[in-house]
Each structure stands twice: as structure tokens, then as C-alpha cells.
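Our numbering runs 337 ahead of the 1-based position in the sequence shown.
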Amino acid sequence: MARFTVETRNGDQLEITGRDGTTLMKAIRKAGVEELVAQCGGGCACATCHVYVTLPAGTSGPDIGPGESRMLATSRCRSLTSRLSCQVKLDAGLDGMHVVIAPEEAGDF
Numbered sequence: 338m339a340r341f342t343v344e345t346r347n348g349d350q351l352e353i354t355g356r357d358g359t360t361l362m363k364a365i366r367k368a369g370v371e372e373l374v375a376q377c378g379g380g381c382a383c384a385t386c387h388v389y390v391t392l393p394a395g396t397s398g399p400d401i402g403p404g405e406s407r408m409l410a411t412s413r414c415r416s417l418t419s420r421l422s423c424q425v426k427l428d429a430g431l432d433g434m435h436v437v438i439a440p441e442e443a444g445d446f
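Written out as C-alpha cells, the structure reads:
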């Protein structure tokens, strides 16, 4: 299990716990954070689940795959900590991370 903090676009923070193997997107949506649109349902095809991830010191998260990298390349808001939450699988190594919902972009629905 991973316990993490999600910060919404208006600055509200919510503590969430997700099961190992569940995607970050599903855990956030299950917690009721509706501003994480995830229009494609987790297929790495829309980038509407874009988040910024800060991991605890001394930890490293899963690598970004080529499909995720291509989708993030379309974002004007991409940063070094950008991830598509549909592509991040939770595990105990991500416990304590801080996740910020990326700004909504003009093409988002």
C-alpha cells in the first residue's frame, strides 16, 4: 500500500491510500478528486490525468515509458516531475509522495 498526498488545483490537500498495483489515477479518482479528468480511462491517450510527482528523499519512482513521454510532450505545463497518473502503479516504494494536479489545458475536456 502507498499513502500519499494529493494537492488539487485550488491548493486543497487530501491524504489517500492506494493498494499496490492500482494506478495513481484510479486511486485519486476513487478518492473523489474529479478534477483529474482521465478522459481516456487510463489508456495513455489523452494526458488529462497529468500530475506532478514529488517522491520522498532517497526514493525513485517507475521510469517514464515512450508512450507516456510522447503524451507529455504535448503539454505546455510539462515539468521534470510530470507524470500521467494512469501510468504510475502504486507500491510501498511510493509511500509518502506528494502529487499535484497539473493545470487544466485548453484542450482538456
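We put the beta carbon where it would ideally sit given N, CA and C, even for glycine.
- Task: With a threshold of 16 other CB atoms inside 10 Å of the CB of Lys367, please say whether the residue is buried or exposed.
- Result: Taking the first residue of the sequence shown as 1, we reach residue 367 at position 30. Exposed, because fewer than 16 other Cβ atoms sit within 10 Å of the Cβ of Lys367.
- Message: Give me the residue from Thr411, Ile401 and His435 with the minimum Cα distance to Cys423.
- Response: Mapped onto the sequence shown, residue 423 falls at position 86. Among Thr411, Ile401 and His435, the Cα nearest to that of Cys423 belongs to Ile401.
- Item | Under the three-state DSSP convention, the category Leu373 falls into | Taking the first residue of the sequence shown as 1, we reach residue 373 at position 36. If DSSP states are grouped into helix, strand and coil, Leu373 belongs with coil.
- Excluding sequence positions up to five away, which residues of its chain have a Cβ less than 7 Å from the Cβ of Glu442? In the sequence shown, residue 442 corresponds to position 105, counting from 1. Excluding sequence neighbours, Glu442 sits near Ser412, Arg413 and Cys414.
- Quick one: grab the DSSP three-state call for Glu344. Mapped onto the sequence shown, residue 344 falls at position 7. Three-state result, Glu344: strand.
- Message: Is any non-hydrogen atom of the ligand COA found closer than 6 Å to the C-beta of Asp428, if you look at the structure I gave you?
- Response: In terms of ligand content, the structure shown is empty, and the ligand COA therefore cannot be addressed.
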